[in-house]
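J.: Residue numbers (the numbering used here): 4 to 227.
Positions of the beta carbon are idealized from the N, C-alpha and C atoms, including for glycine.
Predicted model, so just to flag it, every value in this text is computed and none were measured.
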Amino acid sequence: KMSNASGKKLNVIVEGNIGSGKTTFLERFKDYSDVCVLAEPIDMWRNCNGNNLLGLMYQDSKHWSFSFQSYVMLTMVQQHTLPTPCSVKLMERSIYSARYCFVEQMKKDKIIAEPSAAVLDEWFKWSLENTKIDVDFIVYLRTSPEIVYERMQTRGREEEKKIPLGYLQDLHKVHEEWLMDKTIGHCPAPVIVIDADQDKTSICKEYEKFEVDVLKMTPCKVGV
Ligand SMILES: Cc1cc2cn([C@H]3C[C@H](O)[C@@H](CO)O3)c(=O)nc2[nH]1
4 KMSNASGKKL
14 NVIVEGNIGS
24 GKTTFLERFK
34 DYSDVCVLAE
44 PIDMWRNCNG
54 NNLLGLMYQD
64 SKHWSFSFQS
74 YVMLTMVQQH
84 TLPTPCSVKL
94 MERSIYSARY
104 CFVEQMKKDK
114 IIAEPSAAVL
124 DEWFKWSLEN
134 TKIDVDFIVY
144 LRTSPEIVYE
154 RMQTRGREEE
164 KKIPLGYLQD
174 LHKVHEEWLM
184 DKTIGHCPAP
194 VIVIDADQDK
204 TSICKEYEKF
214 EVDVLKMTPC
224 KVGV
């Protein structure tokens, strides 16, 4: 049983733009018995009582973004508060990126009207105050929008087919403002920045270094 000095569980969230390599990063931890990996529950978003909210959001964002982001926030709280037997819980994205990246961008784009954004904000604030949401550090897979745009297209996720480069540039900007400039919302934990523009092979060395530190349960200083 691996645990650090205090025996405290370690909660890590992995953040980054669409196509920044989060899934590849999380894959590396799958075989560690003492690390519990919680990928984004995208299949729940695709099937909320038979409705593909993700698809609806991308088809008609004005109409469906509020419903989609409300459900995302619910599933994030469910994952943040899910008890696991592991010493390390590694989660893909968080209630924070839900609020400070995606909802923030949709507010800027006037896709979510102010009254709806106010409701999401109440859920966000209530959740932080009333549920056990712990984050010990944030791994930020930092990328350039042009690179992730290329990757997103090659990956070819059905619902993402029509996402323009501009949206990825906007999402990049809100991630930078939240995690680097700290000009949006609040950053709940120290940020470990990984330059995730590198191709899969060369980035693995970077991940390995981080892997060792996570398993030693100490946040590492992964260079950018
Ligand atoms: C927390 C959070 C994750 C998340 C993902 N997405 C979208 C981006 C991708 O196209 C897809 C999977 O990450 O869902 C979103 O619109 N809003 C979100 N909020």
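Checking 7 Å against the spacing of the C-beta atoms, do Val38 and Leu85 come in under that value?
T.: The count along the sequence shown starts at 1 and reaches residue 38 at position 35. The count along the sequence shown starts at 1 and reaches residue 85 at position 82. Here Val38 is not near Leu85, since their CB atoms are 7 Å or more apart.
J.: Whole angstroms is fine: what's the gap from Ser130's alpha carbon to Val80's?
T.: Taking the first residue of the sequence shown as 1, we reach residue 130 at position 127. Taking the first residue of the sequence shown as 1, we reach residue 80 at position 77. Near 7 Å, if we compare the C-alpha coordinates of Val80 and Ser130.
J.: I'd like to know whether the C-beta atoms of Pro148 and Leu171 end up nearer to each other than 7 Å.
T.: Reading the sequence shown from its first residue, position 145 is the one you call residue 148. Reading the sequence shown from its first residue, position 168 is the one you call residue 171. Their beta carbons are under 7 Å apart, which means Pro148 touches Leu171 by this criterion.
J.: Terminal residues of the continuous beta strand (DSSP E) containing Glu2?
T.: Beyond the ends of the chain as shown, which are 4 and 227, falls residue 2; an answer cannot be given.
J.: Quick one: grab the DSSP three-state call for Leu144.
T.: Working through the sequence shown from its first residue, we reach residue 144 at position 141. Looking at Leu144 - three-state DSSP - the assignment turns out to be strand.
J.: So, under 8 Å CB-CB, Val15 and Leu29 are touching, yes? Tell me the CB distance rounded to an integer number of Å.
T.: Here the question's residue 15 lines up with position 12 in the sequence shown. Here the question's residue 29 lines up with position 26 in the sequence shown. With a Cβ gap of about 10 Å, Val15 and Leu29 do not count as contacting.
J.: With a 10 Å radius around its C-beta and 16 neighbouring C-beta atoms as the bar for buried, classify Val106 as buried or exposed.
T.: The sequence position of residue 106 within the sequence shown is 103, counting from 1. Burial of Val106 is indicated by the presence of at least 16 other C-beta atoms within 10 angstroms of its C-beta.
J.: So Ile45 is in the alpha helix (DSSP H); what residue range does that whole segment cover?
T.: If you number the sequence shown from 1, residue 45 lands on position 42. Element bounds for Ile45: 45-49.
J.: Pick out whichever of Thr186, Val91, Ile98, Tyr210 has its Cα sitting closest to the Cα of Asp124.
T.: Within the sequence shown, residue 124 is the residue found at index 121, counting from 1. Ranking the options by Cα distance to Asp124, first place goes to Ile98.
J.: To which residues of the same chain is Arg102 closer than 8 Å at the C-beta, ignoring the five residues directly before and after it?
T.: The count along the sequence shown starts at 1 and reaches residue 102 at position 99. Once the five neighbours on either side are set aside, the close Cβ partners of Arg102 are Met76, Leu123, Asp124, Phe127, Gly188.
J.: When the Cα atoms are used, what is the spatial distance from Gly226 to Cys190?
T.: As a first step, residue 226 must be located in the sequence shown, where it is residue number 223. As a first step, residue 190 must be located in the sequence shown, where it is residue number 187. Reliability of the predicted coordinates at Gly226 is poor, the pLDDT of 43 falling under 50, and the value obtained from them is presented with this limitation in mind. Approximately 19 Å, taken between the alpha carbons.
J.: From Asp139, Val196, Asp173, pick the residue whose C-alpha is nearest to that of Leu13; which is it?
T.: Position 10 of the sequence shown, counted from the start, is the residue given in the question as residue 13. Closest by alpha carbon: Asp139.
J.: Going by the C-beta, is Glu180 closer than 6 Å to any heavy atom of ligand 1?
T.: For the purposes of this step, residue 180 is taken as residue 177 along the sequence shown, with counting starting at 1. No, since every heavy atom of ligand 1 falls outside the 6 Å radius drawn around the Cβ of Glu180.
J.: In whole angstroms, what separates the C-alpha of Arg158 from that of Ala42?
T.: Within the sequence shown, residue 158 is the residue found at index 155, counting from 1. Within the sequence shown, residue 42 is the residue found at index 39, counting from 1. When rounded, the distance between both Cα atoms is 17 Å.
J.: Give me the Cα-Cα distance between Lys110 and Gln156, rounded to the nearest whole angstrom.
T.: Counting from one through the sequence shown, the residue named residue 110 turns up at place 107. Counting from one through the sequence shown, the residue named residue 156 turns up at place 153. Spanning the two alpha carbons is a distance of roughly 25 Å.
J.: Asn54 bridges to which residues according to DSSP?
T.: The sequence position of residue 54 within the sequence shown is 51, counting from 1. BP columns for Asn54 point to Cys51.
J.: Would you kindly check if the distance between the Cβ of Ser23 and the Cβ of Thr204 is under 7 Å?
T.: The residue labelled residue 204 in the question sits at position 201 within the sequence shown. The residue labelled residue 23 in the question sits at position 20 within the sequence shown. Cβ distance not < 7 Å, so Thr204 and Ser23 don't count as in contact.
J.: Where the beta carbon is closer than 6 Å to any heavy atom of ligand 1, which residues qualify, in chain order?
T.: Ile21, Glu43, Ile45, Leu57, Val75, Met79, Arg96, Ser100, Ala101, Phe105, Glu163
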